[in-house]
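Undergrad: Below is one structure. I have some questions about it.
2 protein chains.
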Amino acid sequence: MVTIRDVAAKAGVSAATVSRIINGKGQATPETIARVHAVIKEMGYKPNVVARSLTSRQSNTIALLVPTISNPFFPELARGVEDSANSYGLNIFLCNTDDEREKVRNYLISLRDRYVDGVIVNSLNVTEEDLEELHSHGIPTVTLDRTFSSHKFSSIGVKHREGARLATSHLIDIGCKRIGIIRGPEDDSTAIQRLWGYRDCVKNFDWFDQSWIALGDFSVKSGYLCMKELFQRHPDIDGVYAANDLMAIGLLKAAHEWGRKVPDELAIVGFDGIDMTQYTNPPISTVKQPAYEMGRMAIEELLRLKKLDEHNWYAKKQELDVEFILRESSMR
Amino acid sequence: MVTIRDVAAKAGVSAATVSRIINGKGQATPETIARVHAVIKEMGYKPNVVARSLTSRQSNTIALLVPTISNPFFPELARGVEDSANSYGLNIFLCNTDDEREKVRNYLISLRDRYVDGVIVNSLNVTEEDLEELHSHGIPTVTLDRTFSSHKFSSIGVKHREGARLATSHLIDIGCKRIGIIRGPEDDSTAIQRLWGYRDCVKNFDWFDQSWIALGDFSVKSGYLCMKELFQRHPDIDGVYAANDLMAIGLLKAAHEWGRKVPDELAIVGFDGIDMTQYTNPPISTVKQPAYEMGRMAIEELLRLKKLDEHNWYAKKQELDVEFILRESSMR
DNA sequence: AATCCTTACGTAACCGTTTTCCAAAAGCGT
DNA sequence: ACGCTTTTGGAAAACGGTTACGTAAGGATT
Chain A
1 MVTIRDVAAK AGVSAATVSR IINGKGQATP ETIARVHAVI KEMGYKPNVV ARSLTSRQSN
61 TIALLVPTIS NPFFPELARG VEDSANSYGL NIFLCNTDDE REKVRNYLIS LRDRYVDGVI
121 VNSLNVTEED LEELHSHGIP TVTLDRTFSS HKFSSIGVKH REGARLATSH LIDIGCKRIG
181 IIRGPEDDST AIQRLWGYRD CVKNFDWFDQ SWIALGDFSV KSGYLCMKEL FQRHPDIDGV
241 YAANDLMAIG LLKAAHEWGR KVPDELAIVG FDGIDMTQYT NPPISTVKQP AYEMGRMAIE
301 ELLRLKKLDE HNWYAKKQEL DVEFILRESS MR
Chain B
1 MVTIRDVAAK AGVSAATVSR IINGKGQATP ETIARVHAVI KEMGYKPNVV ARSLTSRQSN
61 TIALLVPTIS NPFFPELARG VEDSANSYGL NIFLCNTDDE REKVRNYLIS LRDRYVDGVI
121 VNSLNVTEED LEELHSHGIP TVTLDRTFSS HKFSSIGVKH REGARLATSH LIDIGCKRIG
181 IIRGPEDDST AIQRLWGYRD CVKNFDWFDQ SWIALGDFSV KSGYLCMKEL FQRHPDIDGV
241 YAANDLMAIG LLKAAHEWGR KVPDELAIVG FDGIDMTQYT NPPISTVKQP AYEMGRMAIE
301 ELLRLKKLDE HNWYAKKQEL DVEFILRESS MR
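First to last, the protein sequences are chains A and B.
With my numbering, the residue at position 65 of the first sequence is 65, and numbering never jumps.
With my numbering, the residue at position 268 of the second sequence is 268, and numbering never jumps.
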């Protein structure tokens, strides 16, 4: 391996000079610069990133924490992050947390130890203290779909509640009289907002009560099981809003097994806008989140913070619009 | 940050001694060991992983290259790798290559520079020279579903051809008279093997010729488009084997739009065994690959190589069985 | 000509480990 | 008590960079 000292020797300068030239710091005569660059090229020198990390406490890497890559929404998000990061020459560390506190902790520690340059968090079980801790080490963060009251943390979210309202009111508009919801986990703030959006639209109907709410966990299977539950409780149900697309897909299967025609006897709307919803039978109406765009923005925000001095960090809270996509599952 | 020297000072020994004790190398009196450990605990000392990497040329990290995490098969595989890696205290670096040579190259270089301890490759566009290069830097590799003739590289694969035969012969068994295939990309060896398996079963029928083969790219959309193509070419088609599940899902939609009843007028079988196939309407028969298990085995193999001296590396080529799963899409 | 500023670059310390080599201490046999 | 081997642990040099500081040379200013 060729080191900076090898280059220095061959170019007849000191290692410090080579370092400065590489990093464009301090001055040097045009001749020296040219000579050093020539030698670098000739010897095929490449700075050792690990050694660099040791002194600079940076790693050219940013981390993305997601709850699971098994839900296609997250890969889409990850691509946004990755493409954008690559365009800046940054590597990304994709971390699957399964929303388990233990895994989150481990990742966070390991990431800090590796001097990651920033962390994008889209995962439950990350506390304000965790972010605080990263900040105290000079590591900026951006949360996705998680906001903390503190003004210190940047976040990017979408209008979940509004999206849920779009979905639910659409069901009402097409004539559904009894609308259920398959909600997401209780400790998930996005799930809660999506539930609220639904509530906003149905709370004044006299048929509405808690029993129209089924508790899912965002998996296909839970959508399937919850739908069966709803059928049992309310044979007269004629519309369902699933708080994410995977559950909507499971739900579709349950409807089929239960012998309900979609959309005529049961209208369905999902949430997320994953690709698969176009290909189900029938295709599922959904509220599309700009996943890719969110990923892109997260990187931008991280870089904005990086440029600032740690003490001047001021958080930005951004909220993106969602888009309702009408498909057969709710066309009457 | 507390360093090894801080610990040394407080314990009244040298940094070298602390290092030796931590790593269990060389000897020390039980008292010294106990004292050092006590101080480590008291001060909350944790070795700096970056500094460690610099000297040891290791990083406690292994990388996994996959073509895309958007195909649910790969997340499943990734989980196997990750869970297993975690149980050994290893971090994993998940790399999305999109099967682009450029990205593969960049990742490989970046990974080598970061002293990854091993690389698991399940991606096209990785050449024998790439692996050779990693080996020359002491980095062991395991390929997944890619085998090179050289005996130097360990690999884990599944019996694609056999799986394709299972699928195709099943279609024949249930009475299909005209069976098409939606194959995968031409440069993908697994796609080729799966095609062969199909050919093995149909080549002797007099109806068979090239026109029963449609060229897909393993995406849902391509399954959809290819099926339309097949319908146009062969209105009498009554069975299709899709070389992966995503394409089978796309195909299902095409069948529906074309007004063909599945399975009665068109029987369908996929490949991979992704979860989603259980939830389509109808559920899709498939050939299940032990994705999780493959991931697990890849780590095991990597660790086996790590323990050996680089010069003693002898490759193992393992091939796992697939399992045919019968579902409604091909039940008559 | 003396003074001061700038520029260009070298020296050496540093980042936090590991590891090689070596010396002191301890154990052992006689 | 004396050599001889084995333990135990320290000093210092790696690993491959960055950077604070210093200095010599050259130019401008008075």
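Each residue gets a CB set at the ideal place from its N, CA and C atoms; glycine is no exception.
Because the structure is a prediction, the values reported are computed rather than measured.
Would you identify the three-state DSSP class for E186 of chain B, choosing helix, strand or coil?
TA: Three-state DSSP puts E186 of chain B in coil, outside helix and strand.
Undergrad: What do you get for L108 of chain B, buried or exposed, if any count of 16 or more other CB atoms within 10 angstroms of its CB means buried?
TA: By the neighbour-count rule (16 or more Cβ atoms within 10 Å), L108 of chain B is buried.
Undergrad: Which runs of the beta strand (DSSP E) at least 3 residues long sit entirely within the stretch 146-205 of chain A? Give them in chain order.
TA: Within the stretch 146-205 of chain A, the complete beta strand (DSSP E) runs of at least 3 residues are 154-158, 179-183.
Undergrad: For the beta strand (DSSP E) holding Q318 of chain B, just list the boundary residues, first then last.
TA: Per DSSP, Q318 of chain B belongs to the beta strand (DSSP E) from 317-320.
Undergrad: Please name the residue in A:V240, A:K228, A:P30 whose C-alpha comes closest to that of R199 of chain A.
TA: Nearest of A:V240, A:K228, A:P30 to R199 of chain A, Cα basis: A:V240.
Undergrad: Check each residue of the stretch 73-97 of chain B: if its Cβ is closer than 7 Å to any Cβ of chain A, include it; give the result in chain order.
TA: Those residues of the stretch 73-97 of chain B that come within reach of chain A (Cβ to Cβ, closer than 7 Å) are P75, A78, E82, N91, F93, L94, N96.
Undergrad: Would you verify that the beta carbon of G138 of chain B is, or is not, closer than 8 Å to some beta carbon of chain A?
TA: G138 of chain B does not count as touching chain A.
Undergrad: Using CA atoms only, rank isn't needed, just tell me which of B:G295, B:E293, B:I299, B:G273 is closest to R327 of chain B.
TA: The shortest C-alpha separation from R327 of chain B is found at B:G273.
Undergrad: Compile a chain-ordered list of the residues in the stretch 304-316 of chain A whose CB is closer than 8 Å to at least one CB of chain B.
TA: Listed in sequence order: no entries.
Undergrad: So, L266 of chain A versus D238 of chain A, is the Cβ gap smaller than 8 Å?
TA: Against a cut-off of 8 Å, the Cβ pair of D238 of chain A and L266 of chain A comes out as a contact.
Undergrad: Check distances from the C-beta atoms of the stretch 115-133 of chain B to those of chain A and list, in chain order, the residues that come in under 8 Å.
TA: Flagged, chain order: Y115.
Undergrad: Under 8 Å, do A254 of chain A and M227 of chain A count as touching if we go by C-beta distance?
TA: Against a cut-off of 8 Å, the Cβ pair of M227 of chain A and A254 of chain A comes out as a contact.
Undergrad: For V39 of chain A, I'd like the list of residues in its chain whose CB is within less than 8 Å of its CB, leaving aside the five on either flank, ordered along the chain.
TA: Counting only Cβ-Cβ distances below 8 Å, and skipping sequence neighbours, we find V7, K10, A11, Y45.
Undergrad: Against V50 of chain B, what residues of chain A qualify as contacts under a CB-to-CB distance less than 7 Å, listed in chain order?
TA: Ordered by position in chain A, the residues that pass the 7 Å Cβ test against V50 of chain B are V50, S53, L54, R114, Y115.
Undergrad: Please go through the stretch 217-268 of chain A and give each complete beta strand (DSSP E) segment of 3 or more residues, from N-terminal end onward.
TA: List check, beta strand (DSSP E) in window: 239-242.
Undergrad: On the criterion of 16 or more Cβ atoms from any shown chain inside 10 Å, does R233 of chain B qualify as buried, or is it exposed?
TA: By the neighbour-count rule (16 or more Cβ atoms within 10 Å), R233 of chain B is not buried but exposed.
Undergrad: Between the alpha carbons of A15 of chain B and I4 of chain B, how many angstroms are there, rounded?
TA: Their Cα atoms are separated by approximately 6 Å.
Undergrad: Between the Cα of P140 of chain B and those of B:F324, B:V49, B:W313, spot the shortest distance and give me the residue it belongs to.
TA: Out of B:F324, B:V49, B:W313, B:W313 has the C-alpha closest to the C-alpha of P140 of chain B.
Undergrad: Is there a Cβ from chain B that is less than 8 Å from the Cβ of I69 of chain A?
TA: Chain B, which has a Cβ nearer than 8 Å to the Cβ of I69 of chain A, makes this yes.
Undergrad: Leaving out five residues before and five after K103 of chain A in sequence, what residues of the same chain have Cβ atoms less than 6 Å from its Cβ?
TA: So the list reads T97, once near-sequence residues are dropped.
Undergrad: Does the beta-carbon of F324 of chain B have 16 or more other beta-carbons within 10 angstroms, so that it is buried, or is it exposed?
TA: Buried is the call here.
Undergrad: Quick one: list the residues of chain B neighbouring N281 of chain A, beta-carbon separation under 8 Å, in chain order.
TA: Neighbours of N281 of chain A on chain B, chain order: L252, K253, H256, T280, N281.
Undergrad: Using CA coordinates, which residue listed in B:A248, B:A28, B:G180 is at the minimum distance from G223 of chain B?
TA: When only C-alpha atoms are compared, the closest one is B:A248.
Undergrad: Figure out for me which residue from A:D188, A:C201, A:Q278 has the closest Cα to the Cα of S219 of chain B.
TA: Per the Cα distances, A:Q278.
Undergrad: Can you say whether H160 of chain B is buried or exposed, counting buried as having 16 or more other CB atoms within 10 angstroms of its CB?
TA: Flag for H160 of chain B reads buried.
Undergrad: Leaving out five residues before and five after S330 of chain A in sequence, what residues of the same chain have Cβ atoms less than 7 Å from its Cβ?
TA: Excluding positions up to five away in sequence, the list reads H170, L171, I174, P263, A267, I268, V269, S285.
Undergrad: Between I299 of chain A and S84 of chain A, how many whole angstroms is the CB-CB distance? I'm expecting something under 8 Å.
TA: Right, the Cβ-Cβ distance comes to about 4 Å (below 8 Å), so this counts as a contact.
Undergrad: Return the first residue and the last residue of the beta strand (DSSP E) that F334 of chain B is part of.
TA: Any question about residue 334 of chain B goes unanswered here, given that chain B covers just 1 to 332.
Undergrad: Thinking C-alpha only, which one of A:T29, A:N281, A:G180 is nearest G197 of chain A?
TA: Checked all of A:T29, A:N281, A:G180; the closest Cα to G197 of chain A is A:G180.
Undergrad: Using a C-beta to C-beta distance shorter than 8 Å, which residues of chain B count as neighbours of M276 of chain A?
TA: Per Cβ cutoff of 8 Å: V220, I249, M276.
Undergrad: For L230 of chain A, tell me which candidate among A:W212, A:V322, A:R35, A:D217 has the shortest Cα-Cα distance.
TA: Ranking A:W212, A:V322, A:R35, A:D217 by Cα distance to L230 of chain A puts A:W212 first.
Undergrad: Can you list the residues of chain B that Y224 of chain A reaches, using a CB-CB cut of under 8 Å?
TA: Going along chain B in sequence order, the residues near Y224 of chain A (Cβ under 8 Å) are Y279.
Undergrad: If you draw a straight line from the alpha carbon of C201 of chain A to that of H311 of chain A, how long is it in whole angstroms?
TA: Their backbone Cα atoms lie some 44 Å apart in a straight line.
Undergrad: In the DSSP assignment, what residue or residues form a beta bridge with I325 of chain A?
TA: Per DSSP, A:T286.
Undergrad: I think V287 of chain B touches L166 of chain B, with their Cβ atoms under 8 Å apart; what is that distance to the nearest whole Å?
TA: Confirmed, about 6 Å.
Undergrad: Alpha carbon to alpha carbon, how far is E319 of chain B from L320 of chain A? Give it in angstroms, no decimals.
TA: Their backbone Cα atoms lie some 48 Å apart in a straight line.
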